[in-house]
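S.K.: Once you've had a glance at the structure underneath, I'll fire off some questions.
2 protein chains.
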Amino acid sequence: MQNVTIGDVAKAAGVSPATVSRVLNANQGVADELRQRVVAAVDQLGYRPNSQARSLRTRATSVLGLIISDITNPFFPEIARGVEDAAHAAGFSVVLANTDEDLAKEQRYLEVAAAERMAGVVLAPASSAETDIDVLRSRGIPVVTVDRRLLGHPVDSVTVDNLAAAREATLHLVGTGCRRIGFVGGPLATTTAADRLAGYRDGLAEAGLAFDPDLVAHGDYRIDGGRAAAKRLLQLTPDALFVSNNLMTIGAITALDDAGLRHPEDIALVGFDDQTWQTGLLPPLTLVTQPTYELGKQAATALLDRIRTPEAPPNDVVLPATLAVHEPRR
Amino acid sequence: MQNVTIGDVAKAAGVSPATVSRVLNANQGVADELRQRVVAAVDQLGYRPNSQARSLRTRATSVLGLIISDITNPFFPEIARGVEDAAHAAGFSVVLANTDEDLAKEQRYLEVAAAERMAGVVLAPASSAETDIDVLRSRGIPVVTVDRRLLGHPVDSVTVDNLAAAREATLHLVGTGCRRIGFVGGPLATTTAADRLAGYRDGLAEAGLAFDPDLVAHGDYRIDGGRAAAKRLLQLTPDALFVSNNLMTIGAITALDDAGLRHPEDIALVGFDDQTWQTGLLPPLTLVTQPTYELGKQAATALLDRIRTPEAPPNDVVLPATLAVHEPRR
DNA sequence: CGATTTCTTGAAATCGATTTCTCAGAAGTT
DNA sequence: AACTTCTGAGAAATCGATTTCAAGAAATCG
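Listed in order, the protein sequences are those of chains A and B.
The numbering of the first sequence is this note's numbering, which starts it at 7 and goes up by one.
The numbering of the second sequence is this note's numbering, which starts it at 7 and goes up by one.
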């Protein structure tokens with residue numbers, strides 16, 4: 007009884023395989039009596055269709071790929087839940103792969119997705135320029151990027167308005183009296199890092215402050231990178247730090263601590279992303295918060311739309327990111 | 007050029023599909039000239055075998071399932087990396103699914119794994135008694151549980167020695183002078199929670215202290231649950247808390263803060279799991295640390311072994327968990 | 001009532017790979 | 001030289017589903 011096939015069910019029910027298929031896929035009218043015999047046989051044998059055989063024939067799978075760049079960053083698991091929920095509601099299942107911001111790993115997973123003929127892929131690309139999705143596109147597998155965009159490929163994307171949020175955060179700091187605002191940026195290969203930097207510059211310009219390249223340090227979107235970048239900036243005695251990513255925010259807090267500085271007394275700090283993680287552990291902090299779960303959900307929705315209508319022009323969904331001001335008086 | 011098949015390659019190279027297959031799978035001798043023609047055609051057409059068709063024929067996939075219970079707990083992503091690394095080294099790819107400790111979701115993913123005919127599954131079961139892996143076993147799909155065991159099913163498992171670690175942590179607290187040690191336990195449906203509780207009791211007994219059921223509160227392995235459980239215990243004025251999970255440890259710290267208590271001055275605290283996350287944010291804390299990455303790696307290794315030799319008797323791998331004492335003087 | 005349409009159902013083709021079968025020609029043996 | 005043994009390569013079978021095609025029964029209609 008290792009593997010029950012549609013033929014076994016057919017035999018048990020005294021019908022043809024075609025009829026079993028029709029019952030299971032509710033395709034056409036099947037006489038009630040036969041239908042019941044088939045259902046009973048399916049139940050009794052514990053039959054479960056071989057999805058390989060099925061999708062070989064139908065040329066369609068119901069599996070979505072989700073390729074993210076850092077699974078240990080809680081931001082992405084939260085996106086994953088959004089994707090999963092939307093996908094399951096539509097009868098798709100989701101498989102997740104982690105690239106660790108490594109282009110080679112990313113490429114390999116894109117190839118796996120192609121070989122598996124996945125129905126579509128949600129991707130947080132490691133690089134806006136170097137990530138190459140041709141292996142999918144040439145096979146007609148739709149791609150939606152999430153969190154980050156891809157330059158030079160006309161694909162759907164679901165992102166937040168990083169520029170506006172960074173601009174707003176910068177203006178907020180200026181509003182509280184800061185003049186030398188250090189910026190801890192991300193890897194410039196990602197659009198998020200570029201957009202957030204641009205927002206920071208826009209904010210400064212709007213406030214009539216000069217942009218000083220020395221006050222910008224780039225980290226790798228990880229704790230240690232944020233710590234090192236913040237450490238470098240602190241030597242220039244800024245009166246504020248704006249850290250453009252959740253993990254790096256933790257690193258920056260550590261760097262402040264290392265330097266014997268306290269927020270908000272000694273220096274102002276604005277961080278990025280929800281830190282639900284840190285409930286009660288973090289000092290109160292003004293944060294740029296993103297609708298993370300929603301980001302994933304919308305990305306999956308966009309992908310499912312794209313699967314249904316492959317030919318529509320690419321669509322960029324931009325969700326708002328909001329500034330959650332949580333600043334104790336200084 | 008949507009989909010290149012083996013037949014297209016064969017035609018382009020002027021050989022039969024069988025020969026193309028032989029070249030690609032290095033099965034048999036193929037004349038050098040033909041081989042080169044085939045390789046050239048594959049390259050030129052960008053041919054990639056349809057893995058559905060292949061595994062339909064070979065009855066073997068090279069995909070492992072990894073079913074975990076809480077993707078937002080950094081413990082599991084770290085396991086995932088261990089699994090991925092070991093799997094990739096052996097030419098397998100890994101797909102990940104998240105159950106949120108929900109038995110229904112878990113069951114659905116087990117069924118997906120069965121339908122996809124995955125080569126094997128690494129599972130962190132939501133319940134030691136209620137999780138039902140028959141849908142896989144009856145189809146000959148091997149299962150290895152990780153972090154947690156499954157009672158009543160003879161399957162391989164890779165866990166840490168929770169009992170010994172909890173015992174050691176308890177004895178450590180007693181050694182620093184604590185007498186009323188509160189215990190924040192996990193959901194009793196998991197073997198980890200049961201084992202850690204047993205270790206706590208063993209430790210107390212060994213130290214000659216009575217076990218007081220009132221000093222035990224069970225949380226759900228999440229931050230809020232840990233916070234609530236710790237809050238309840240704090241009303242009984244314990245002189246120490248032993249928290250048996252990483253997220254709940256964060257919750258407990260918050261609860262201490264809520265109650266205006268400070269560690270270590272007012273109350274001793276021992277937590278669980280690496281909190282690399284918290285670098286620099288946490289007060290220095292004695293922690294039971296687990297070899298998380300290794301847990302995942304060994305689980306994948308065990309699964310691959312099992313795939314090769316299905317008939318060997320089940321094997322329980324138990325890794326040590328160590329107590330990292332990091333206690334400032336009181 | 002006979003002709004035509006509509007339903008049900010089973011037989012057979014199909015998806016794209018791998019693997020078994022088969023056979024022609026090369027190589028080896030006595 | 002005659003016979004056996006290898007070897008390499010194509011033809012065809014196979015994996016397990018869905019879908020087209022064909023046929024007989026039932027229903028509809030003039």
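Cβ atoms here follow ideal geometry from the backbone N, Cα and C, with glycine treated the same way.
Quantities reported herein were computed from a predicted structural model and do not represent experimental measurements.
(1) Let's see if you can read the secondary structure: which residues bound the alpha helix (DSSP H) around A/Gly302?
(2) Could you tell me which of B/Asn104, B/Val141, B/Gly88 and B/Phe98 sits nearest to A/Ile85, measuring between CA atoms?
(3) Using beta carbons (cut-off 7 Å, strictly below), is A/Ala132 in contact with chain B?
(4) Please check if any C-beta of chain B sits within less than 7 Å of the C-beta of A/Ala47.
(5) Is it right to say A/Asp264 is buried, meaning 16 or more other beta carbons lie within 10 angstroms of its own, or is it exposed?
(6) Report yes or no: is there a C-beta of chain A within less than 7 Å of the C-beta of B/Glu122?
(7) Cβ atoms of A/Leu70 and A/Gly146: under 7 Å apart, would you say?
(8) Grab me the residues of B/Ala199's own chain with a C-beta within less than 6 Å of its C-beta, minus the 5 sequence neighbours each way, in chain order.
(9) Quick one: does B/Val89 have its CB under 7 Å from some CB of chain A?
(10) Do we get a CB-CB distance below 7 Å when we pair B/Pro83 with the residues of chain A?
(11) Should B/Ala120 and B/Leu142 be called a contact, given that it needs their Cβ atoms to be closer than 7 Å?
(12) Who are the neighbours of A/Ala59 on chain B, taking C-beta pairs under 7 Å?
(13) Verify whether the separation of the beta carbon atoms of A/Asn321 and A/Phe81 is less than 7 Å.
(14) Is the beta carbon of A/Val331 less than 7 Å from the beta carbon of A/Thr307?
(15) Cβ of B/Arg335 less than 7 Å from any chain A Cβ?
(16) Between B/Glu223 and A/Leu51, what straight-line distance do the alpha-carbon atoms span, to the nearest angstrom?
(17) Under 8 Å by Cβ, that's how I've got B/Leu169 and B/Gly205 pegged, so tell me the actual separation to the nearest angstrom.
(18) So that I know if they touch, is there some Cβ in chain B lying closer than 7 Å to that of A/Leu262?
(19) Which of the three DSSP states, helix, strand or coil, is assigned to B/Ile187?
(20) What residue range is occupied by the uninterrupted alpha helix (DSSP H) comprising B/Ser57?
(21) Within 7 Å of any Cβ in chain B, is that where the Cβ of A/Ser27 sits?
(22) Using a C-beta to C-beta distance shorter than 8 Å, which residues of chain A count as neighbours of B/Ala86?
(23) Could you list the residues in the segment 142 to 167 of chain B with a C-beta less than 9 Å from some C-beta on chain A, going in chain order?
(24) In whole angstroms, what is the alpha-carbon distance linking A/Pro55 and A/Thr11?
(25) Run through chain B and tell me which residues come within less than 8 Å of A/Pro55, C-beta to C-beta.
(26) Please classify B/Glu90: is it buried, with 16 or more other beta-carbons within 10 angstroms of its beta-carbon, or exposed?
M.R.: Quick look at the numbers:
(1) As a position in the first sequence, residue 302 of chain A is number 296, starting the count at 1. Looking at the DSSP string, the run of the alpha helix (DSSP H) that includes A/Gly302 is Thr298 to Arg314.
(2) Start at 1 with the first residue of the first sequence, and residue 85 of chain A comes out as number 79. Residue B/Asn104 is the option with its Cα nearest to A/Ile85.
(3) The residue given as residue 132 of chain A occupies position 126 in the first sequence. Not an interface residue.
(4) Your numbering for residue 47 of chain A matches position 41 in the first sequence. Taking 7 Å as the CB threshold, A/Ala47 stays off the interface with chain B.
(5) Walking along the first sequence from the start, residue 264 of chain A turns up at place 258. Result: exposed.
(6) For this step, residue 122 of chain B is matched to residue 116 along the second sequence. Yes, B/Glu122 counts as interfacial toward chain A.
(7) As a working mapping, residue 146 of chain A is identified with position 140 in the first sequence. As a working mapping, residue 70 of chain A is identified with position 64 in the first sequence. Their beta carbons are not under 7 Å apart, which means A/Gly146 does not touch A/Leu70 by this criterion.
(8) In the second sequence, residue 199 of chain B corresponds to position 193, counting from 1. The residues are Gly191, Gly192 and Pro193.
(9) As a working note, residue 89 of chain B is residue 83 in the second sequence. Not a single C-beta of chain A is nearer than 7 Å to the C-beta of B/Val89.
(10) As a first step, residue 83 of chain B is located in the second sequence; it is residue number 77 there, counting from the start. At a cut-off of 7 Å between beta-carbon atoms, B/Pro83 makes contact with chain A.
(11) The count along the second sequence starts at 1 and reaches residue 120 of chain B at position 114. The count along the second sequence starts at 1 and reaches residue 142 of chain B at position 136. It is a contact, given that the beta carbons lie within the stated cut-off.
(12) Within the first sequence, residue 59 of chain A is the residue found at index 53, counting from 1. Ordered by position in chain B, the residues that pass the 7 Å Cβ test against A/Ala59 are Leu62.
(13) The residue you call residue 321 of chain A lines up with position 315 of the first sequence. The residue you call residue 81 of chain A lines up with position 75 of the first sequence. No, Cβ-Cβ distance for A/Asn321 and A/Phe81 is not below 7 Å.
(14) Locating residue 331 of chain A in the first sequence gives position 325, counting from the first residue. Locating residue 307 of chain A in the first sequence gives position 301, counting from the first residue. With respect to the 7 Å criterion, A/Val331 and A/Thr307 are not classified as neighbours on the basis of their beta carbons.
(15) Your numbering for residue 335 of chain B matches position 329 in the second sequence. At B/Arg335 the pLDDT is 44, less than 50, meaning the model places this residue with poor confidence; the figure from the coordinates comes in the next sentence. Not one chain A Cβ lies under 7 Å of B/Arg335.
(16) Looking up residue 223 of chain B in the second sequence gives position 217. Looking up residue 51 of chain A in the first sequence gives position 45. The sequence shown places Ala at residue 223 of chain B, not Glu. Annotation: B/Ala223 to A/Leu51 spans about 45 Å, alpha carbon to alpha carbon.
(17) Working through the second sequence from its first residue, we reach residue 169 of chain B at position 163. Working through the second sequence from its first residue, we reach residue 205 of chain B at position 199. With a contact defined as Cβ atoms closer than 8 Å, B/Leu169 and B/Gly205 qualify at about 4 Å.
(18) What you label residue 262 of chain A is simply residue 256 of the first sequence in a count that begins at 1. A/Leu262 does not count as touching chain B.
(19) The residue labelled residue 187 of chain B in the question sits at position 181 within the second sequence. In the structure shown, B/Ile187 adopts extended strand secondary structure according to DSSP, grouped into three states.
(20) In the second sequence, residue 57 of chain B corresponds to position 51, counting from 1. It spans Ser57 to Thr64 - the alpha helix (DSSP H) in which B/Ser57 sits, taken as one unbroken run.
(21) Counting from one through the first sequence, the residue named residue 27 of chain A turns up at place 21. Residue contact check for A/Ser27 against chain B: no CB pair falls below 7 Å.
(22) Along the second sequence, one-based indexing puts residue 86 of chain B at 80. Within chain A, the residues near B/Ala86 are Ile77 and Asn104.
(23) Within the segment 142 to 167 of chain B, the residues whose Cβ lies closer than 9 Å to some Cβ of chain A are Ser144, Arg145 and Gly146, listed in chain order.
(24) Indexing the first sequence from 1 puts residue 55 of chain A at position 49. Indexing the first sequence from 1 puts residue 11 of chain A at position 5. One alpha carbon belongs to A/Pro55, the other to A/Thr11, and they sit about 7 Å apart.
(25) Here residue 55 of chain A refers to the residue found at position 49 of the first sequence. Per Cβ cutoff of 8 Å: Ala121.
(26) For the purposes of this step, residue 90 of chain B is taken as the residue at position 84 of the second sequence. It counts as buried.
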